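Number of protein chains: 2
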Amino acid sequence: MSKIPPKSGQLTMSYTTTVVTPSGSRFQEENLAIETPYSIALNDENIGSSMVLPIGLEEFGAGFLFGQGYIKIPGEVKEIYVCPEGRIAVYADVDIIEPKEVIITSGCGGTGKISKEMLEGAFDPLQECTITFPEISTFIRQVLQASPLGPDTHCVHGCGLWNDGRLQVFFEDVGRHNAVDKVLGAILLGKASARGAIYTTGRLTSDMVLKCARIGIPIIMSRTAPSSLGLAIARRSGATLAAYARPDKVNVFNAPERIIS
Amino acid sequence: MSKIPPKSGQLTMSYTTTVVTPSGSRFQEENLAIETPYSIALNDENIGSSMVLPIGLEEFGAGFLFGQGYIKIPGEVKEIYVCPEGRIAVYADVDIIEPKEVIITSGCGGTGKISKEMLEGAFDPLQECTITFPEISTFIRQVLQASPLGPDTHCVHGCGLWNDGRLQVFFEDVGRHNAVDKVLGAILLGKASARGAIYTTGRLTSDMVLKCARIGIPIIMSRTAPSSLGLAIARRSGATLAAYARPDKVNVFNAPERIIS
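Chains as they are written, first to last, in our numbering: chain U, 1 to 261; chain Z, 262 to 522.
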């Protein structure tokens, strides 16, 4: 069996497995997604560490700090250095104030905690827009075809952002939160606008919907289901929540008026 | 649309959604999994909060504290009180020592953090056992048929523990970690033995494999894939790691000798 550790920057590794059936066994090659720890520092203060797929790490650094409530709006981040040994150093024009009470979230993701204040607080108005059904079809198809990593490893989630008639950014990660954090990071770094639709392959639990609504994204879509609290937050923020999204059908749990069929 | 908040103890809520297609829209009833915050206290000290599916909360309290490194072996937990307002109070015969450096994990789960020490430390020997293929088939079938909540909501993960020729415990949660934590909690509360096989519907990222191996479970199975670090931890601990597990086939990434075909 392969014993070579993955190279830096590599996203998958090959491994010989043993397929066992009632009638015997055989060897098989499998691809595994690389999961590796990175610590995130803000203005030289260590904020946390997370397991990540090592790509889109600048965006992840910014998005992670947004998810935790340290960074709030685009423009605050000044510089990001990614050290391949496992550190993302973010420099931003913010004061570091520890969130008082945090809730560890149920999500498949790296961020993993939100403050009670964020969960219960009011929302700023979303950045209004609508999306047509042909746009939704193209968006979903493009996200699902953007990378072979999902079908290859069965161990990553994908997330894309659509606006101005095209897929603006797409990221993947071993955690569904991390993939969303990378997209939100791209918004914070001025590489994309929140005035659009986000699509994730992961479930829309509370924390997932919360951070998308906090950054102002009006249309939140998922390949799969929301939870009760994910829906509650969509309703409170006014965001469109579209689940079980397919190129030919979406199941809208809140604010269907932003989808023009 | 339904505006009634879920009742205490309820695990799903019904909601009327709008299915939008290119040719028009129609209403549809959907079931959502209930996601609700619970705080966990150990000996009256607040340790953390997590979003959970509100069932199996005693087990969750014990398993959560194990995942975070506060509780280490069965027998330490003395009493658990679950307050439906959102608090799990665990009393245990342990000193509360804060983990020094924590890594927020990539997993779809509530626990969401592990200490660097746990990730890099040595493992105690696992509780040895083997499993036959007919047992695996029965185990997987029973877990997948144990509850309608998964197919109903598409928003929960299931986890079961098999030993002595039968399914000992089964739990579900909105987080894949939480479902595993509930099973580990059952072991800590003396309701089941670690000397067996665990099966989860969730991916086997590092933290998932780590806590199963730490508690001594020798056979770790998943419906889906492991990550690179999940495999590395299985190899380091010596645990059998069986992925893509189906009633007629499992794909063994480590220690296939515990599976007797």
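Beta carbons are placed, not taken as given, at the ideal position from N, Cα and C, and that holds for glycine. Keep in mind that this is a model prediction, so the values were computed, not measured.
Taking all protein chains in view, the Cβ of ILE97 of chain U is surrounded by fewer than 16 other Cβ atoms within 10 Å, so the residue is classified as exposed.
The C-beta of THR130 of chain U has fewer than 16 other C-beta atoms within 10 Å across all chains shown, which makes the residue exposed. Looking from the CA of THR399 of chain Z, the closest CA among Z:TRP423, Z:LYS443, Z:VAL417 belongs to Z:TRP423. Contact annotation: the segment 308-317 of chain Z does not touch the segment 283-292 of chain Z, with fewer than three C-beta pairs closer than 8 Å. Between LYS182 of chain U and GLU35 of chain U, the gap from beta carbon to beta carbon reaches 7 Å or more. In the assembly as shown, GLU172 of chain U is a buried residue. Its beta-carbon has 16 or more other beta-carbons within 10 Å. At a cut-off of 7 Å between beta-carbon atoms, ARG464 of chain Z makes contact with chain U. Looking at the DSSP output, GLN289 of chain Z bridges to Z:THR278. Taking the C-beta atoms as reference points, GLN142 of chain U is found no nearer than 7 Å to ARG195 of chain U. Contact between the segment 119-126 of chain U and the segment 210-222 of chain U is present: three or more C-beta pairs spanning the two stretches fall below 8 Å.
No Cβ of chain U is located within less than 7 Å of the beta carbon of GLU306 of chain Z.
Boundaries of the beta strand (DSSP E) around ARG87 of chain U: 87-92.
A Cβ-Cβ distance of about 19 Å is found for the pair PRO283 of chain Z and PHE253 of chain U, leaving them out of contact under the 8 Å criterion.
Straight-line spacing of the CA atoms in ASP305 of chain Z and LEU318 of chain Z works out to 17 Å. When rounded, the separation of the alpha-carbon atoms in GLU346 of chain Z and ARG437 of chain Z is 23 Å.
Within chain Z, SER522 have C-beta atoms less than 9 Å from the C-beta of GLY24 of chain U, given in sequence order. Just so you know, the alpha carbons of LEU314 of chain Z and ALA323 of chain Z end up roughly 15 Å apart. The beta carbon of SER237 of chain U does not come within 7 Å of any beta carbon belonging to chain Z, so the residue lies off that interface. Only exposed fits GLN271 of chain Z, as fewer than 16 other CB atoms lie within 10 angstroms of its CB.
For the segment 125-149 of chain U, the set of positions with a beta-carbon nearer than 7 Å to some beta-carbon of chain Z reads PHE133 in chain order. Cβ-Cβ distances below 8 Å link ARG464 of chain Z to GLY368, CYS369, ARG437, SER483, THR485, ALA486, PRO487, SER488, GLY491 in the same chain, with the five nearest sequence neighbours on each side left out; the list follows chain order. Neighbours of MET274 of chain Z in chain U, taken as residues whose beta carbon is under 7 Å from its own, are SER228 in chain order. The beta carbon of THR277 of chain Z sits no closer than 7 Å to any beta carbon of chain U.
Within the model, the alpha-carbon separation for ASN512 of chain Z versus TYR91 of chain U is close to 44 Å.
Our two residues, ILE334 of chain Z and PHE170 of chain U, have alpha carbons roughly 43 Å apart in a direct line.
Around THR153 of chain U, the same chain offers THR12, ASN31, LEU32, ALA33 as residues with beta carbons nearer than 7 Å, after the five sequence neighbours per side are excluded. Straight-line measurement puts the Cα of ASN178 of chain U at about 27 Å from the Cα of SER498 of chain Z. The alpha helix (DSSP H) runs of length 4 or more contained entirely in the segment 378-410 of chain Z are, from start to end of the chain, 394-406. Interface flag for LEU293 of chain Z against chain U is set, since a Cβ pair is found closer than 7 Å. Going by beta carbons, VAL441 of chain Z and CYS420 of chain Z fall inside the 7 Å limit. Looking only at Z:LEU428, Z:GLY446, Z:HIS418, the smallest Cα-Cα distance to THR462 of chain Z is reached by Z:HIS418. Look at LEU450 of chain Z here: in three-state DSSP terms it is coil, with no helix or strand label. In this chain, the alpha helix (DSSP H) harbouring LEU490 of chain Z covers 489-498. When DSSP states are grouped into helix, strand and coil, ILE316 of chain Z belongs to the coil group. When DSSP states are grouped into helix, strand and coil, SER467 of chain Z belongs to the helix group. For SER193 of chain U, same chain residues with a beta-carbon under 6 Å away, outside a window of 5 residues either side, are ASN163 in chain order.
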